[in-house]
Amino acid sequence: MACRCSAPWFRGSPSSASDSCSSGRRYVGTCNGTSKRRAESRCAGRCGRGPTGVAGRDSEGGRREGGRVILMASRALAARAESPGDYAEVYGAILPQVSSPVIIHWLGEMFDPALGGYWGHSDLDDATDVCLSIISDYAEKIDGIKVSLLDAGREVEIRRRLPDGVRMYTGDDFDYPDLIRGDEVGFSHALLGIFDAIAPAASAALQALDAGDADRYEKILAPTVTLSRHIFKAPTRYYKTGVVFLAYINGHQDHFRMVGGQEGARSATHLSELFVLADRAGLLHDPDLAAERMRRVLAVAGVA
Numbered sequence: 006m007a008c009r010c011s012a013p014w015f016r017g018s019p020s021s022a023s024d025s026c027s028s029g030r031r032y033v034g035t036c037n038g039t040s041k042r043r044a045e046s047r048c049a050g051r052c053g054r055g056p057t058g059v060a061g062r063d064s065e066g067g068r069r070e071g072g073r074v075i076l077m078a079s080r081a082l083a084a085r086a087e088s089p090g091d092y093a094e095v096y097g098a099i100l101p102q103v104s105s106p107v108i109i110h111w112l113g114e115m116f117d118p119a120l121g122g123y124w125g126h127s128d129l130d131d132a133t134d135v136c137l138s139i140i141s142d143y144a145e146k147i148d149g150i151k152v153s154l155l156d157a158g159r160e161v162e163i164r165r166r167l168p169d170g171v172r173m174y175t176g177d178d179f180d181y182p183d184l185i186r187g188d189e190v191g192f193s194h195a196l197l198g199i200f201d202a203i204a205p206a207a208s209a210a211l212q213a214l215d216a217g218d219a220d221r222y223e224k225i226l227a228p229t230v231t232l233s234r235h236i237f238k239a240p241t242r243y244y245k246t247g248v249v250f251l252a253y254i255n256g257h258q259d260h261f262r263m264v265g266g267q268e269g270a271r272s273a274t275h276l277s278e279l280f281v282l283a284d285r286a287g288l289l290h291d292p293d294l295a296a297e298r299m300r301r302v303l304a305v306a307g308v309a
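6 is the number of the first residue of the sequence shown in our numbering; add one for each residue after it.
1. Verify whether the separation of the beta carbon atoms of residue 124 and residue 107 is less than 8 Å.
2. I believe residue 251 touches residue 279 by the beta-carbon criterion, under 8 Å. Please report the beta-carbon distance rounded to the nearest angstrom.
3. Would DSSP call residue 195 helix, strand or coil?
4. Please report the straight-line C-alpha distance between residue 256 and residue 293, rounded to a whole angstrom.
5. So, does the stretch 189-207 touch the stretch 227-237, judging by three or more C-beta pairs under 8 Å?
6. Take every Cβ of the stretch 166-173, pair it with every Cβ of the stretch 134-150, and state whether three or more of those distances are shorter than 8 Å.
7. I believe residue 244 touches residue 236 by the beta-carbon criterion, under 8 Å. Please report the beta-carbon distance rounded to the nearest angstrom.
8. Mind checking whether residue 186 and residue 192 have CB atoms under 8 Å apart?
9. Would you check if the stretch 152-170 and the stretch 111-125 touch, i.e. whether three or more CB-CB distances between them fall below 8 Å?
10. Which residues share a DSSP beta bridge with residue 95?
11. Cα-Cα, which of 162, 101, 119 is closest to residue 130?
12. Verify whether the separation of the beta carbon atoms of residue 132 and residue 84 is less than 8 Å.
13. Give the DSSP-derived three-state secondary structure of residue 153 in the structure shown.
14. Could you give the residue range of the alpha helix (DSSP H) that holds residue 264?
15. Buried or exposed: which applies to residue 79, given that a residue is buried once 16 or more other Cβ atoms fall within 10 Å of its Cβ?
16. Would you say residue 177 and residue 167 are within 8 Å of each other, going by their C-beta atoms?
17. Spatial neighbours of residue 206 within its chain, please: C-beta separation below 6 Å, excluding the five flanking residues on both sides.
18. With residue 185 as the anchor, note down where its alpha helix (DSSP H) starts and where it stops.
19. Mapping the DSSP letters down to three states, classify residue 271 as helix, strand or coil.
20. Determine which residues share a DSSP beta bridge with residue 172 and list them.
21. Using beta-carbon positions only, say whether residue 249 and residue 268 come within less than 8 Å of one another.
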């Protein structure tokens, strides 16, 4: 199973391309061991007037540091493309440049409204056909595709239609246990955001699955699903607030502040329920510290 070592940026953060590349290189340098190859090099998502040039430069920077390149869905391409052919042209210009197979990320508009109509179609059936056509044309340059549409049925459909040797990486934070476990035809590799928040449980569950203990795998992950669905509930793009909040109450950082004030994107009620669900899932590493920090957050919100 492939488990993501999460990159230190979020889509939509107001950082420059150079800052993103610099932080990415520093981050990949810290990811020694098995997870280093999964650190992201954020490429297509930064394209402006010259998307293929920026993507090529960014991907080489990440590759030189030992990272696996992920072609992020591009806001600029979504805004400028006039037809599915434009997507085929841009990806067709980028993919031949890469020196090792990349992962393509299809991020749904629930995560980023600017990505609506990606692949040149608002209809997901038509969009799926375009995406798979591009993958088929450049299969030797593609390690896999990460699908973040929160639609388990569609992910399975795409997975079954992928060319031989191209992997499916799940980005479904609602139905990941079944998608990773798989069926008689195949399975999805684990490369999803909620694993940042549930890392101890995810690690134990994947080890159990690798050992052939599917029952233990399900038992460990089951209580995390309710938590994940809460963190990623609509408006889904604010999921990062919950991830950072959980990192704060678990002592992984000493403050609950985010770029652009996004710590305020979720209500005190939402965060309180998140706290309860994390406790039920056994994900509060130091309950006393977590409770104290929860009280601080509530105090700031005016809740005594």
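Ideal Cβ placement from N, Cα and C applies to all residues, glycine included.
These numbers come from a predicted model, not from an experiment.
Considering the structure as presented:
1. No. Outside cutoff.
2. 7 Å between Cβ atoms; contact.
3. strand
4. 11 Å
5. yes
6. yes
7. 5 Å
8. By the CB criterion at 8 Å, residue 186 and residue 192 fall inside the cutoff.
9. yes
10. Residue 95 is not bridged to any residue.
11. 162
12. no
13. strand
14. From DSSP, residue 264 is part of no alpha helix (DSSP H); its letter is neither H nor E.
15. buried
16. no
17. 225, 229
18. 181-186
19. coil
20. 149
21. yes
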